[in-house]
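Here the structure comes first, spelled out in structure tokens, and everything after it is commentary.
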Amino acid sequence: MGREENGVALRCPLVVAAGGRDGERCEPSLGSGVTDGCVCGSGVCVCDPRAVLGHAGRQTWSSQMDFIMSCVGFAVGLGNVWRFPYLCYKNGGGVFLLPYALMVFIGGIPVFFLEIALGQFMKQGGVSAWNIAPLFKGLGLASMVIVFFCNTYYILILAWGLYFLVHSFTYPLPWASCSQEWNTPNCTLDFSRSCMRSPIMEFWERKVLRLSGGLDEVGDINNSMVLCLLATWVIVYFCIWKGVKSTGKVVYFTALFPYLVLVVLFVHGISLPGAVSGIVYYLNPDWSKLRDAQVWIDAATQIFYSYAIGLGALTALGSYNRFNNNCYQDAFVLALINSGTSFFAGFVVFSVLGFMAAEQGVDISKVAESGPGLVFIAYPKAVTLMPLAPLWAVLFFCMLLVLGLDSQFVGVEGFITGLLDMLPPKSYFSSVRREVVVAICCITCFFIDLSMVTEGGMYVFQLFDYYSASGITLLWQAFWECVVVAWVYGADRFMDDVARMIGYRPLPYMKWCWSYITPLVCMGVFLFHVVNYKPLVYNGVYVYPWWGETLGWALALSSMLCIPLTVLYKLLHCKGSLTERWRYLTTPVWGRHHLEFLPPETEVKLLPSSDLSKKHTPI
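What the sequence shown shows, in the working numbering, is residues 140 to 758, in sequence order.
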């Protein structure tokens, strides 16, 4: 019999009395709600210690498919539809797939797997999981800041999508003509007159955004958009208020429905005149582009953006897995789904853009856009040229709304998980019901969002999008994650931990990526972004004032500085020599579920000696 922790025997099969037939899954009478790893035998419930201790007081996915669907819903988002196809077209068509695939294997999958495995092994969210090296807990704080900013501004896209969806149930579509109250004398349906404005552009800027002249012209709040924003936050709240037990069921719809609509839109798109030309533009290879450094930078940046790396949410999702779940296999499957979705979405987008270019008699380069310009201007304009326009508009904006919705509520779930894991177990705040914490988070973000539904709100949105969760912040985060795991905690040590979970060691290439390749890629692309930094410009015309750019950098640095400042703070508040401080602050803080496979002599080495403990002040 092994040592005991809270009255539960460790390092031996755990037997808890329970009623049931032999071979059935059972729940131990610990009130833990655990059934994974527990089966009835001779009238008792026999459990693997990892199944009980690893989940004590923590929810787990009802099935592993819940986890897969949640990761698909979170990582597969709007960027797969509105950013990848345009990058592929701009950077040499089919040739872009070569640097993209390379970056997937040396950047995307290693960090994606690292974050999921870390959460599964530590059984903690994006902050507390970094107890593997407490000195670098600032990594968790940085991810919390980034995901909070993402949760705040990303939902505005859903509010815009909901607004378009509501107006799509009218015939003709309100952006199909120049006869609406918000149209100006410059509105025209003649696409050859470049000095005039299209109906969709005026609907977008004058009806949806009510766009002012700049960041310093805040203007009034758009009440219609406030209602859409409130509706989306209410939906998000009820998707996650009960935790992963409810989230895991919702994502079956939110993750799969967009694929159904994408297939329908693809079948319809390729039947349109000009669709083949659009797809040729999408895939037409330009081999000379491989000599352009920007192509490789775009590929790397898109990977980190699309895979939702550095936000802490993947770590939070992984923390709800069973301890022996094969997260290594999951990482490759999820990466294939993510990149495959991006590639397929390109056919959907460019078949419609090809049709649009053919109808207007212009080159496809005149209609190809990315970001909000694609989903709120180019595609809605193309829909007006199709038969049964309202039907295709409704389908498209339903897909857009659902595609972004699961990314949003899983992002909020990741933030909530990290927040709850940070609370001291016996503090007053830890006793607050989860539903209340989720409500406070949603309400706080909603009030911040009100600044983005004013007449100057679009300029605020662009600041958040360009700085708070940009390529610079995500690359900085991913770089330090690899360094801490590979060089502070130890790459071989982490590979051993993964082997304890899945039963075998991953390929050595994973260790090489964490130790050398991925950090070099991250730092190289990071420096490229810094050297080639260009101030934010809205719509190619409006230049942000100096104080607006300063605010943007404050958003970026608020997460990036969490890492060095936390290291500095912990070192200064710990006594002893620098070597002693380093050893003390890089000693992992284990959870109860780790004790099952740690031998006594290892445990002694992991704890500070009695002499050292007198010198150190707990952090």
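By construction, the Cβ of each residue, glycine as well, lies at the ideal position given by its N, Cα and C atoms. Predicted, not measured: the structure shown is a model, and the values here were computed from it.
Where the alpha helix (DSSP H) through residue i begins and ends
i	result
Glu498	466-499
Ile374	362-379
Gly457	452-457
Glu688	685-699
Ile611	610-622
His668	657-670
Gln203	203-214
Asp425	First-last for Asp425: undefined, no H or E at that position.
Glu574	573-588
Gly596	596-602
Ala532	528-561
Glu719	717-724
Arg639	630-641
Lys276	Taken as a continuous stretch (DSSP letters only), Lys276 belongs to no alpha helix (DSSP H), as it is neither H nor E.
Gly218	217-221
Val434	432-445
Met261	248-261
Pair within 8 Å by beta-carbon distance, residue i and residue j
i	j	result
Tyr628	Ala281	no
Tyr239	Ala438	yes
Tyr421	Gly232	yes
Gly512	Gly300	no
Met364	Val592	yes
Phe600	Tyr292	yes
Pro529	Tyr310	yes
Glu441	Phe223	Note that residue 441 is Gln in the sequence shown, not Glu. Yes; because the gap between Cβ atoms is below 8 Å, this pair is in contact.
Val571	Asn290	no
Leu354	Pro684	yes
Gln616	Ser458	no
Glu254	Leu453	yes
Gly451	Gly557	yes
Leu602	Gly691	yes
Tyr298	Leu368	First, the residue type needs correcting, since residue 298 is Ala and not Tyr in the sequence shown. Yes.
Ile702	Gln547	no
Phe536	Phe303	yes
Among the options, nearest to residue i - alpha-carbon criterion
i	options	result
Ala695	Met283, Ala578, Ala414	Met283
Ile248	Ala447, Gln547, Asn219	Ala447
Leu707	Lys388, Phe586, Gly277	Gly277
Met597	Leu675, Leu304, Phe223	Leu675
Ala256	Asp635, Ala693, Asp205, Trp685	Asp635
Ala370	Leu354, Cys661, Ile296	Ile296
Asn463	Met261, Gly543, Tyr292	Met261
Phe251	Val571, Ala470, Pro324	Ala470
Phe489	Gly691, Gly543, Ser416, Thr480	Ser416
Ser337	Thr725, Phe515, Cys367	Phe515
Tyr605	Lys381, Gly687, Leu711	Gly687
Arg349	Ile641, Gly595, Val680, Val728	Gly595
Cys581	Gln263, Gly218, Val375, Phe308	Val375
Ile436	Trp426, Ile702, Leu614	Leu614
Tyr444	Val533, Val664, Leu366	Val664
Val506	Lys229, Cys466, Gly216	Lys229
Val682	Trp426, Gly610, Gly352, Phe377	Gly352
Leu429	Leu237, Met649, Leu534	Leu237
Gln783	Asn460, Val215, Gly553, Leu589	Here the chain has residues from 140 to 758 only, and residue 783 is not among them.
Cβ neighbours of residue i in the same chain (closer than 7 Å, five flanking residues each side left out)
i	result
Asp545	Gly212, Phe213, Val390, Thr393, Ala394
Ser209	Thr386, Gly387, Val390, Leu456, Val549
Gly170	Unreliable positioning characterises Gly170 in this predicted model, as indicated by a pLDDT of 34, which lies under 50. A coordinate reading is not provided.
Pro774	In the structure as shown, the chain starts at 140 and stops at 758, and residue 774 therefore has no counterpart that could be examined.
Val487	Leu401, Leu404, Phe405, Gly408
Thr612	Ile285, Ala695, Ser698, Met699
Trp269	Phe275, Lys276, Leu278, Gly279
Contact set for residue i: own chain, Cβ-Cβ below 8 Å, skip 5 residues either direction
i	result
Phe483	Leu401, Phe405
Gly413	Gly493, Phe494, Met495, Ala496, Ala497, Glu498
Val660	Met242, Ile245, Gly246, Ala439
Leu704	Gly277
Trp626	Ser654
Trp531	Leu404, His407, Val522, Met525
Leu328	Ser316, Cys317, Ser337, Pro338
Arg573	Trp380, Lys381, Gly382, Ile555, Leu559
Contacts around residue i, its chain only, beta-carbon distance under 6 Å, and the 5 residues preceding and following it disregarded
i	result
Met538	Pro397, Val400
Ile476	Val211
Lys227	Going by the sequence as given, residue 227 is Cys instead of Lys. Here the set comprises Phe235, Gly485.
Ser752	Below a pLDDT of 50, predicted positions are generally treated as unreliable, and Ser752, at 37, falls in that range; the measurement from the model is reported next regardless. Closer than 6 Å at the Cβ level, and outside the excluded window around Ser752, lies no residue.
Phe618	Pro658, Cys661, Met662
Leu411	Phe494
Trp372	Cys581, Phe585
Report task. Can you check the region 305-340 for any alpha helix (DSSP H) of at least 4 residues that lies completely inside it and give the ranges in chain order? Result -> none
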